[in-house]
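Visitor: As given, the protein sequences belong to chains A and B, one line each in that order. Numbering of the first sequence is given in the UniProt record's numbering, commencing with residue 1 and proceeding in unit increments. Numbering of the second sequence is given in the UniProt record's numbering, commencing with residue 1 and proceeding in unit increments. Structure provided below as structure tokens; questions to follow.
There are 2 protein chains.
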Amino acid sequence: MGWGDLGVFGEPSKETPNLDQMASEGMLFLDFYTANPLCSPSRAALLTGRLPVRNGFYTTNAHARNAYTPQDIVGGIPDSELLLPELLKKAGYTNKIIGKWHLGHRPQFHPMKHGFDEWFGSPNCHFGPFDNRVLPNIPVYRDWEMIGRYYEDFKIDLKTGEANLTQIYLQEALDFISKQQASQQPFFLYWAIDATHAPVYASKRFLGTSQRGLYGDAVREIDDSIGKILKHLQKLGISENTFVFFTSDNGAALISAPKQGGSNGRFLCGKQTTFEGGMREPAIAWWPGHIPAGGVSHQLGNVMDLFTTSLSLAGLQPPSDRQIDGIDLLPAILQGKLIDRPIFYYRGNEMMAVRVGLYKAHYWTWSNSWEEYSKGIDFCPGQNVSGVTTHTQEEHTSLPLLFHLGRDPGEKYPLSFASDEYQRAMEQISVVVRQHKATVVPGEPQLNVCDKAVM
Amino acid sequence: MGWGDLGVFGEPSKETPNLDQMASEGMLFLDFYTANPLCSPSRAALLTGRLPVRNGFYTTNAHARNAYTPQDIVGGIPDSELLLPELLKKAGYTNKIIGKWHLGHRPQFHPMKHGFDEWFGSPNCHFGPFDNRVLPNIPVYRDWEMIGRYYEDFKIDLKTGEANLTQIYLQEALDFISKQQASQQPFFLYWAIDATHAPVYASKRFLGTSQRGLYGDAVREIDDSIGKILKHLQKLGISENTFVFFTSDNGAALISAPKQGGSNGRFLCGKQTTFEGGMREPAIAWWPGHIPAGGVSHQLGNVMDLFTTSLSLAGLQPPSDRQIDGIDLLPAILQGKLIDRPIFYYRGNEMMAVRVGLYKAHYWTWSNSWEEYSKGIDFCPGQNVSGVTTHTQEEHTSLPLLFHLGRDPGEKYPLSFASDEYQRAMEQISVVVRQHKATVVPGEPQLNVCDKAVM
């Protein structure tokens with residue numbers, strides 16, 4: 001899902017009344033980022049509080065290459081990483097993941113080996129259907145057991161777009177919350193649903209209800225589900241005791257637009273890129289009675305902050321034996337403070353860009369290769385900013401391309417290298433980048449090797 | 001100002017708290033249009049309820065040419081046109097225009113000859129400063145009298161961007177409202193301020209306060225002023241008796257971006273074009289106690305509707321001796337009805353495109369000429385949709401380019417000509433276009449001749 005997919009972020013159909021209301025009752029983050037423009041590394045960063053380059057969720061097979069966890073990936077989340085649920089356990093939390101895990105398929109990467117107490121969902125997205133004599137459909141698990149496969153036991157009709165997956169995931173969430181409330185146990189629920197990933201689907205009640213087509217139907221079903229989850233918390237009387245955060249793992253996939261892909265508003269390009277469209281995310285914090293209603297924050301935030309913030313909420317400290325990139329957002333959320341911190345935009349193990357305040361400096365620019373582009377794979381459809389959305393990897397490390405995201409959120413107008421503003425901003429940014437690079441000890445790359453045998 | 005310039009429409013800085021609140025207390029229109037992608041014709045349409053091709057606000061000097069009222073224009077609003085204030089007079093209204101008139105410079109076109117009782121402002125924008133031995137600066141009027149000129153008597157500092165114009169216009173508005181309230185007289189105030197037109201300015205208190213630079217400062221000053229006007233109505237106890245509508249006369253001028261031009265959100269191109277960015281406008285209706293708070297409407301609306309709607313509010317009928325294009329929006333505003341009506345997109349006297357429901361058909365495409373474009377004049381910076389944002393005038397009258405604005409608000413993905421959807425939609429649209437063209441009796445073109453003598 002992209003920044004521009006919610007009514008409150010200016011989607012012209014304005015079809016997300018529940019998320020919009022969540023924002024009006026909570027706090028809207030306008031400058032919130034994911035740690036990577038692709039799913040798996042982003043989720044690894046969310047759960048470890050660390051950049052993918054540190055936790056190993058990248059590849060060195062090619063420069064600045066995006067990598068994730070296809071079905072035949074050999075790697076996954078290393079045991080040496082400490083995941084949020086592992087830590088929350090120490091404070092008595094019951095942890096459940098519903099939906100897409102994405103941190104590895106092999107047994108040692110199972111979420112319940114990494115701190116989760118319950119799982120309903122899948123190690124991957126609902127890709128398929130494959131011919132299962134050669135490539136199996138993606139499995140679905142309940143806790144330790146595989147209980148079926150997408151397309152076979154969990155139907156997705158690619159013709160009509162009908163599937164009940166979101167409804168199933170919703171019911172799982174409501175049941176888990178009820179159970180935890182009944183047993184008076186604190187809980188962490190990671191509701192990591194598949195929608196709105198292509199192939200897009202929605203349940204019957206939502207099919208054809210959106211102005212935006214099937215993609216919009218899927219957004220509406222998510223919106224409706226989140227409304228139901230929040231109401232459930234209120235009905236159970238635990239809303240003032242439950243912190244809820246809504247965000248996405250990467251920008252809308254414009255390669256799938258307009259039928260299967262969403263909107264990044266006026267931001268440049270989408271998923272797979274380190275332009276704003278690839279990494280700026282919709283984000284809402286909700287905690288009635290604690291977060292002032294209708295708040296709006298310009299705090300630079302990142303999915304990795306949810307790691308540190310969640311620990312803080314549970315009264316825990318983040319691990320001190322390793323570099324943690326996430327910060328505690330509670331001062332921003334509860335007291336409206338602005339914490340000075342940069343945002344780093346990586347592809348693989350290459351730092352492509354950095355944001356400091358309202359300035360964003362691109363050290364490398366790349367959309368995708370001419371070879372891919374000539375096949376019709378376009379990460380920036382209808383958007384060509386000369387010298388910016390390049391189809392060759394362009395190095396700008398000695399003279400970064402600089403944008404002012406306040407005046408130019410669409411990254412269309414690089415500042416003049418000769419300007420005083422450029423000089424002043426780059427002086428500050430260079431220090432931040434130097435400091436950052438000094439701390440980066442790359443983890444063992446986990447996404448280098450595929451092998452059909454691991455399926 | 002563009003659709004994307006308000007926080008409520010997804011501007012990433014979210015710096016318009018007063019307009020956002022106006023929307024939350026009133027009704028937000030997401031599909032509201034101007035009658036033309038340029039200022040003068042748009043304002044002529046607003047005040048007459050008629051398309052520029054009918055009221056004469058176009059030129060036949062070249063095909064599909066945008067024209068307005070520069071200082072040396074010979075033409076202006078014809079006496080034969082009936083303007084909203086002329087009609088409101090019959091219901092006892094006092095009418096005032098504050099700001100930019102734009103319907104002609106010569107004495108016969110003076111706003112007080114066309115229904116207004118009071119005027120503070122100018123026949124044109126705050127262009128200049130010119131060398132006044134050759135070209136005079138633009139005059140400013142109070143009622144019948146010229147009281148000075150921009151840059152000379154009304155200071156605009158092009159270096160710092162400082163000018164008090166918006167504050168002066170605000171005070172005029174507050175004073176007029178107070179006077180009318182004191183005398184218990186109904187009133188029509190047309191608050192047609194210059195900001196955010198380039199050269200952009202703001203008063204000292206707002207300079208440097210926006211993330212968006214000087215343009216954002218200007219937006220913030222407008223936002224603040226509108227907040228003050230609404231509060232003034234409330235303080236005087238007449239808010240439940242006063243209908244307020246906020247909108248713009250054309251999309252953001254992307255030729256002036258990013259320093260002097262605003263945002264059209266994710267819509268294509270800007271001012272001067274008949275893509276969505278040129279003509280879809282921010283729009284909010286406010287009338288406490290009558291309009292349900294927090295309403296959102298997908299009614300296709302147009303500035304011309306403000307003519308008919310205002311008459312309706314005053315208990316008057318629109319003239320029956322001529323074609324009126326504006327419709328009465330009250331059923332949409334007060335009862336949430338959706339009225340079926342098309343939107344026509346004109347440049348000069350050429351119908352470039354039409355919207356019916358969620359479909360938009362382009363009969364002609366054009367951004368601007370190669371000649372202009374090669375000089376750096378770009379109406380669609382960073383946006384190149386092949387075959388759509390053309391630099392030659394492309395005729396598609398026999399096979400229009402069709403877009404679905406729900407799935408594709410950015411007009412990037414024309415529907416396949418061979419698809420059933422295309423066939424079905426065009427059958428319906430063709431009827432609408434045929435019916436429309438049958439009603440069009442072009443007015444005498446007013447914007448064909450310039451002559452320095454008229455200054």
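Glycine included, each C-beta is placed from N, C-alpha and C at the ideal position.
Suppose contacts are defined by Cβ-Cβ distances below 8 Å. Is residue 276(A) in contact with residue 268(A) by that definition?
Guide: In contact: residue 276(A) and residue 268(A) (Cβ atoms closer than 8 Å).
Visitor: Answer with buried or exposed for residue 320(B), where buried requires no fewer than 16 other C-beta atoms within 10 angstroms of its C-beta.
Guide: Residue 320(B) comes out exposed.
Visitor: Could you check where the beta strand (DSSP E) with residue 455(B) kicks off and where it finishes?
Guide: Looking at the DSSP string, residue 455(B) is not in any beta strand (DSSP E), and its letter there is neither H nor E.
Visitor: Beta-carbon separation of residue 57(A) and residue 335(A) under 8 Å?
Guide: Cβ distance not < 8 Å, so residue 57(A) and residue 335(A) don't count as in contact.
Visitor: Is there a Cβ from chain B that is less than 8 Å from the Cβ of residue 408(A)?
Guide: Yes, contact with chain B.
Visitor: Could you check where the alpha helix (DSSP H) with residue 85(A) kicks off and where it finishes?
Guide: 84-89
Visitor: Quick check: the Cα distance between residue 458(B) and residue 226(B), rounded to an integer number of angstroms?
Guide: The requested residue 458(B) is not part of the displayed model; chain B covers only 1 to 455.
Visitor: Excluding five sequence neighbours on each side, which residues of the same chain lie with their C-beta closer than 6 Å to the C-beta of residue 244(A)?
Guide: 286
Visitor: Which of helix, strand or coil does DSSP assign to residue 30(A)?
Guide: coil
Visitor: Looking at the strands, I want to know which residues DSSP matches up with residue 351(A).
Guide: 346(A)
Visitor: Quick check on the DSSP output: the beta strand (DSSP E) that includes residue 282(B) runs from which residue to which?
Guide: 280-286 is the extent of the beta strand (DSSP E) around residue 282(B).
Visitor: Which residues in the same chain as residue 218(B) place their Cβ atom closer than 8 Å to its Cβ, once the five residues preceding and following it in sequence are excluded?
Guide: For residue 218(B), same chain residues with a beta-carbon under 8 Å away, outside a window of 5 residues either side, are 166, 195, 196, 200, 201, 202, 206 in chain order.
Visitor: Does residue 88(B) get closer than 8 Å to chain A when you measure Cβ to Cβ?
Guide: no
Visitor: Interface residues of chain B around residue 9(A) at Cβ under 8 Å?
Guide: In chain order, 10 make up the part of chain B whose C-beta sits under 8 Å from the C-beta of residue 9(A).
Visitor: On the CB-based measure, 16 or more other CB atoms within 10 Å of its CB, does residue 273(B) come out buried or exposed?
Guide: buried
Visitor: Please identify the residue among 132(A), 354(A), 439(A) whose C-alpha is closest to the C-alpha of residue 397(A).
Guide: 354(A)
Visitor: Can you tell me whether residue 227(A) is helix, strand or coil according to DSSP?
Guide: helix
Visitor: Note the first and the last residue of the continuous alpha helix (DSSP H) segment covering residue 297(A).
Guide: From DSSP, residue 297(A) is part of no alpha helix (DSSP H) but of the beta strand (DSSP E) over 295-297.
Visitor: Candidates 107(B), 82(B), 121(B), 212(B): which alpha carbon is nearest residue 100(B)'s?
Guide: 121(B)
Visitor: Taking only runs that begin and end inside the region 4-79 of chain B, name each unbroken alpha helix (DSSP H) of 4 or more residues, in chain order.
Guide: Listed in chain order, the complete alpha helix (DSSP H) runs (minimum 4 residues) inside the region 4-79 of chain B are 17-25, 39-48, 52-55.
Visitor: Taking three-plus beta-carbon pairs below 8 Å as touching, is the region 409-419 of chain A in contact with the region 292-304 of chain A?
Guide: At 8 Å Cβ cutoff, the stretches do not touch.
Visitor: Helix, strand or coil: which one does DSSP assign to residue 437(B)?
Guide: Three-state result, residue 437(B): helix.
Visitor: Could you tell me how far apart the beta carbons of residue 215(A) and residue 260(A) are, in whole angstroms, since I believe they sit closer than 8 Å?
Guide: In this structure residue 215(A) is in contact with residue 260(A), their Cβ atoms being roughly 6 Å apart against a cut-off of 8 Å.
Visitor: Please identify the residue among 349(A), 153(A), 307(A) whose C-alpha is closest to the C-alpha of residue 330(A).
Guide: 307(A)
Visitor: Of the choices 129(A), 318(A), 250(A), 177(A), whose alpha-carbon is the least far from that of residue 98(A)?
Guide: 177(A) is the residue among 129(A), 318(A), 250(A), 177(A) whose C-alpha sits nearest the C-alpha of residue 98(A).
Visitor: My understanding is that residue 303(B) touches residue 42(B), with C-beta atoms under 8 Å, so please give their C-beta distance in whole angstroms.
Guide: 6 Å
Visitor: With a threshold of 8 Å between beta-carbons, can residue 18(B) be considered close to chain A, or not?
Guide: no
Visitor: Using a 10 Å radius around the Cβ and a threshold of 16 neighbouring Cβ atoms, would you call residue 63(A) buried or exposed?
Guide: exposed
Visitor: Which partner residues of residue 339(B) appear in the DSSP bridge assignment?
Guide: BP columns for residue 339(B) are empty, so no partner.
Visitor: May I ask you to report which of helix, strand or coil DSSP gives residue 139(A)?
Guide: strand
Visitor: Let me check understanding here. Comparing Cα to Cα, which of 294(B), 188(B), 382(B), 444(B) lies closest to residue 311(B)?
Guide: Of the listed residues, the one whose Cα sits closest to residue 311(B) is 188(B).
Visitor: Would the region 342-352 of chain B count as touching the region 64-74 of chain B if we require 3 or more Cβ pairs under 8 Å?
Guide: yes
Visitor: Just list the residues that DSSP pairs residue 154(A) with in beta bridges.
Guide: According to DSSP, residue 154(A) bridges with 150(A).
Visitor: If you drop the 5 nearest sequence neighbours on each side, which residues of the same chain put their C-beta closer than 8 Å to that of residue 332(B)?
Guide: 297, 299, 301, 338, 339
Visitor: Three-state secondary structure (DSSP) at residue 429(B)?
Guide: helix
Visitor: So, helix, strand or coil for residue 145(B), using DSSP?
Guide: strand
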